[in-house]
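Q: Start counting the sequence shown at 83; every next residue gets the next number (this note's numbering).
If you scroll down you'll find the structure; I have some questions about it.
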Amino acid sequence: MRMLPVLVAALALAPVAPAAASSRQESMMEDTQELLQGGPARRAAALDELAGLGVDIVKVRVQWRTLAPNGASEARPAFNASDPAGYPPGAFEALDDVVTGATQRGLKVFFMLSPPAPEWATKRGERAGHAGVLRADPADFGRFVEAVGRRYSGTRGLPAVRMWSIWNEPNHPQFIQPLSERLGGRLAPSSPHQYRRLYAAAQGALARSGHARDTVLFGEILPVGQGRLSATSTLRPILFLREFFCLDQSYRPYRGAAARARGCTRFPKLRMSGLAYHAYTKPGGPRVPLPSPDDATIGQVRRIEAALDRIAVRTRRLRRGMPIYNSEFGLQTDPPDCAGFGTSLTNQAAFLNEAEWVSFSRPRVKTYSNYLLVDDAIRTQFEPGTNRRYQGFQTGLRYGPFAVRCESPDIALASGSAKQPGYDAFRTPIYVRRLRGAVQVFGLARPRKGQAQAIEVLRDGAVVKTVTTSGYFLTSVRGGTSGRWQLRWSFGGQTYTSRLARALADPPPRSL
Numbered sequence: 083m084r085m086l087p088v089l090v091a092a093l094a095l096a097p098v099a100p101a102a103a104s105s106r107q108e109s110m111m112e113d114t115q116e117l118l119q120g121g122p123a124r125r126a127a128a129l130d131e132l133a134g135l136g137v138d139i140v141k142v143r144v145q146w147r148t149l150a151p152n153g154a155s156e157a158r159p160a161f162n163a164s165d166p167a168g169y170p171p172g173a174f175e176a177l178d179d180v181v182t183g184a185t186q187r188g189l190k191v192f193f194m195l196s197p198p199a200p201e202w203a204t205k206r207g208e209r210a211g212h213a214g215v216l217r218a219d220p221a222d223f224g225r226f227v228e229a230v231g232r233r234y235s236g237t238r239g240l241p242a243v244r245m246w247s248i249w250n251e252p253n254h255p256q257f258i259q260p261l262s263e264r265l266g267g268r269l270a271p272s273s274p275h276q277y278r279r280l281y282a283a284a285q286g287a288l289a290r291s292g293h294a295r296d297t298v299l300f301g302e303i304l305p306v307g308q309g310r311l312s313a314t315s316t317l318r319p320i321l322f323l324r325e326f327f328c329l330d331q332s333y334r335p336y337r338g339a340a341a342r343a344r345g346c347t348r349f350p351k352l353r354m355s356g357l358a359y360h361a362y363t364k365p366g367g368p369r370v371p372l373p374s375p376d377d378a379t380i381g382q383v384r385r386i387e388a389a390l391d392r393i394a395v396r397t398r399r400l401r402r403g404m405p406i407y408n409s410e411f412g413l414q415t416d417p418p419d420c421a422g423f424g425t426s427l428t429n430q431a432a433f434l435n436e437a438e439w440v441s442f443s444r445p446r447v448k449t450y451s452n453y454l455l456v457d458d459a460i461r462t463q464f465e466p467g468t469n470r471r472y473q474g475f476q477t478g479l480r481y482g483p484f485a486v487r488c489e490s491p492d493i494a495l496a497s498g499s500a501k502q503p504g505y506d507a508f509r510t511p512i513y514v515r516r517l518r519g520a521v522q523v524f525g526l527a528r529p530r531k532g533q534a535q536a537i538e539v540l541r542d543g544a545v546v547k548t549v550t551t552s553g554y555f556l557t558s559v560r561g562g563t564s565g566r567w568q569l570r571w572s573f574g575g576q577t578y579t580s581r582l583a584r585a586l587a588d589p590p591p592r593s594l
C-alpha cells in the first residue's frame, strides 16, 4: 500500500491547522469504460495514466449480472455459483487483466461487488425502469461473492484483492427496489433492511473465500435524498444509516411490530472496516447548504461522522470513530453538460481541490476520490441542452466522445483531451485559506508522493516560499491574503503547475 506521509512545513500559525489531519489519505479513481470495456490496449493506457498521476487505489465495479450466466433470463441456470470455474468462459478475463496490470504498476485494487443482479436472482414484480434490482436474493449474492473472493484470494495464480465494498448506492432506485414500502401498516424505508441481508451474505462469503482480514466497506451511499418516501424515492443517507442499524429518527431502537417488520429482531453480526460514501456536491460546490440534517455532501461530512458515532453508542454494532472512505466523487462539467447540472471548468478544479482539503482536514476520512478519468460518451441522439443527452457522467479529467459546447455544437471538443484546469488540479492540488494577515497553503505533488520533492509557492507569479515534502503539506505565508496563488514543481525535465487559486475564508460552522 502506497501511503501519503505528511510534512507540515513552517507552521507558524499552528492553531489554525486541522487538529489531526488525515495525513495518510489515499487517492482513488474508478472508470469502468476505460478499465473493463475498452479492450487491452485502452486498459493498459488508462492504468499507465492513473499510475503516472499518482493514484493509489483503482476502484473496479464488479457487476454480478455481467459475470453470471443467463443474466437476463428468469430461468435459473444449473451451475455452481460459488465456484469461479462455473462461470462462462472468459467472464473474468478483463478483471484478471485489471488486477494484474494494476498490481504490476504498484496500484492497490478495490472491488465494489455491484448490482444489477441476474434476473433469476430477483423477485418477479413491478420495478421502475431498472432490471436486476428488485429484492435481489441474499443467498444467491453470497454465492457470487464467494466465487469472486476465491478467484482473487491470491491462491490461484492471480494477485489478491484486499479491499472490497458491498453493493452500490442502496439508497437509489437504480440499484435496489423498493426503497420504501408499507411495513407494519406504515410507509417506511425498506432498502436498508434488504441491504443488511445482502451485506451479511457477502461478508460471510468473503470470509469463507480467504478475505476475513481484508478491508470490507459498507454503504456506497449517495449524499442527498428526497423528502418523500416511495418505492423509487432516493433515501437520505443518514436516514438510511439509522434504518440499517434499526434505529428511529431519535436514534432509539425499533421494538415490537416495527422491529419485526424491518427484520430487526435478529440483527446479524456484521464486521465493517468503514463506511463507503459518495461525497458528491451540487454544482455550486462543497459550500452549498443542505437544509435537511439527514443529507451530507463532502461539505457536511461531519454530519456523517456524528451519525456513525451516535449509532455506535446506541447499538454497539460498530466502533466509535469508524473510518469514512470517500469512494466516489466528482464534478459534472459544462462543457459539455449545459442542462443545468454542470459547473464551469474553473469551478470543477476549485471544488476538486476544496473537497480534497476537506477530506484531508477530517482525520476519519481515509480516501479522496475522482469518479472517471474520461467522461462518458454524450448521447448524441438527443439535442444539446436536454437532460437525456448527459445521462452518463461528465465528471472526468478528460473529455469523452462527442463532447461539444452547447453554444457551438458544430465544433467538437477533442475526445481524450484534458479538461483544464481540472486535470492539473488533480495532479497538483492547491487550497488556500485566508487567515488574519496571512494565508495557509495546502498542497501536494501527487505523482511524487513518497519521494522528497521541492515545491514552489507562488503569489502573483513570484516565488514566496519553497517547501520540500514527500506528501501533503501545509505552510503559512504572512503578508496579506490578496493575489493569486499557485504551486510549481519540476521532475524528469518537466515542470508542472497547479491551478491559480485565491485565498478563501472558512465556511461558517452552521453550514457544516
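Think of the CB as a built atom: it goes at the ideal place given N, C-alpha and C, for glycine as much as any other residue.
Is there contact here, the region 203 to 213 with the region 408 to 427, by at least three beta-carbon pairs under 8 Å?
A: Flag = no, the region 203 to 213 and the region 408 to 427 do not touch.
Q: Only counting runs of 4 or more residues, tell me where the alpha helix (DSSP H) segments fall wholly within the region 488 to 514, in order along the chain.
A: 504 to 509
Q: Considering only C-alpha positions, which residue in the set V227, F322, D377, L311 is nearest to G292?
A: V227
Q: Quick check on I303: buried or exposed, where buried means 16 or more other Cβ atoms within 10 Å of its Cβ?
A: Buried, since its Cβ has 16 or more Cβ neighbours within 10 Å.
Q: So is F193 buried or exposed if we call it buried at 16+ other beta carbons inside 10 Å?
A: Within a 10 Å sphere around the beta-carbon of F193 sit 16 or more other beta-carbons, which makes this residue buried.
Q: For A218 and I258, what's the separation of their Cα atoms in angstroms?
A: 8 Å
Q: Relative to the C-alpha of F349, which residue among A103, F475, Y336, K531 is closest?
A: Y336
Q: Can you check which of these residues, S247, P371, A229, is closest to S355 by C-alpha distance?
A: S247
Q: Check for me: the alpha helix (DSSP H) holding A340 runs from which residue to which?
A: 338 to 343
Q: Between which two residues does the beta strand (DSSP E) holding N452 run?
A: 447 to 453
Q: Taking only three categories from DSSP, how would you classify Y277?
A: helix
Q: V486 and Q115: beta carbons closer than 9 Å?
A: no
Q: Hey, could you find the ends of the alpha helix (DSSP H) L132 is sitting in?
A: 122 to 135
Q: Quick one, are the C-beta atoms of G301 and A389 less than 9 Å apart?
A: no
Q: Relative to the C-alpha of E338, which candidate in Y554, G266, P271 has its C-alpha closest?
A: In the sequence on display, residue 338 carries Gly and not Glu. It is G266 whose Cα lies nearest to the Cα of G338.
Q: Check whether the region 440 to 452 and the region 401 to 411 touch, using three or more Cβ-Cβ pairs below 8 Å as the test.
A: Taking 8 Å as the limit for Cβ pairs, the verdict is that the region 401 to 411 does touch the region 440 to 452.
Q: Leaving out the 5 sequence neighbours to the left and right, which residues in its chain are closer than 6 Å to G589 when beta-carbon positions are compared?
A: Note on residue identity: the sequence assigns Pro, not Gly, to residue 589. For P589, where only same-chain residues beyond five positions count, the Cβ hits under 6 Å are R369.
Q: Looking at L427: is its Cβ nearer than 9 Å to the Cβ of P511?
A: When the beta-carbon positions are compared, L427 and P511 stay at least 9 Å from each other.
Q: Go to G183, then tell me how far its beta strand (DSSP E) extends in each direction, as first and last residue.
A: Run containing G183: none in the beta strand (DSSP E); it sits in the alpha helix (DSSP H), 175 to 186.
Q: Sort out for me which residues DSSP pairs I31 with in a bridge.
A: Nothing can be reported for residue 31: it is not among the residues displayed for the chain, which extend from 83 to 594.
Q: Between which two residues does the alpha helix (DSSP H) carrying A163 extend?
A: Element bounds for A163: n/a, residue is neither H nor E.
Q: Identify whether G301 lies in helix, strand or coil by the three-state DSSP scheme.
A: strand
Q: Pull up the distance between the alpha-carbon of P200 and that of D376, whole angstroms please.
A: 32 Å
Q: Which first and last residues belong to the beta strand (DSSP E) in which I393 is found?
A: Counting along the chain, I393 falls outside any beta strand (DSSP E), though it belongs to the alpha helix (DSSP H) covering 383 to 397.
Q: Between which two residues does the beta strand (DSSP E) holding F524 run?
A: DSSP places F524 in the uninterrupted beta strand (DSSP E) bounded by 520 to 525.
Q: Could you pull out every residue in the same chain whose Cβ sits closer than 8 Å to the Cβ of A494, ignoring the five residues on either side in sequence?
A: F484, A485, V486
Q: Which residue from V523, W439, F327 puts its Cα closest to that of L556?
A: V523
Q: For the beta strand (DSSP E) that contains E538, what are its first and last residues?
A: 535 to 541
Q: Can you tell me whether A101 is buried or exposed, with buried defined as 16 or more other CB within 10 angstroms of its CB?
A: With a pLDDT of only 44 at A101, under 50, the local geometry of the prediction cannot be trusted, and no value is derived from it.
Q: Is it buried or exposed, K141, if we count other Cβ atoms within 10 angstroms and call 16 or more buried?
A: buried
Q: Shortest alpha-carbon distance to R143 belongs to which of G525, P159, E112?
A: E112
Q: Apply the 10 Å Cβ neighbour rule to Q119 and answer buried if 16 or more other Cβ atoms are within range, or exposed otherwise.
A: Q119 sits exposed, since fewer than 16 C-beta atoms from the chains shown fall within 10 Å of its C-beta.
Q: Please classify N253: does DSSP put it in a helix, a strand, or coil?
A: coil
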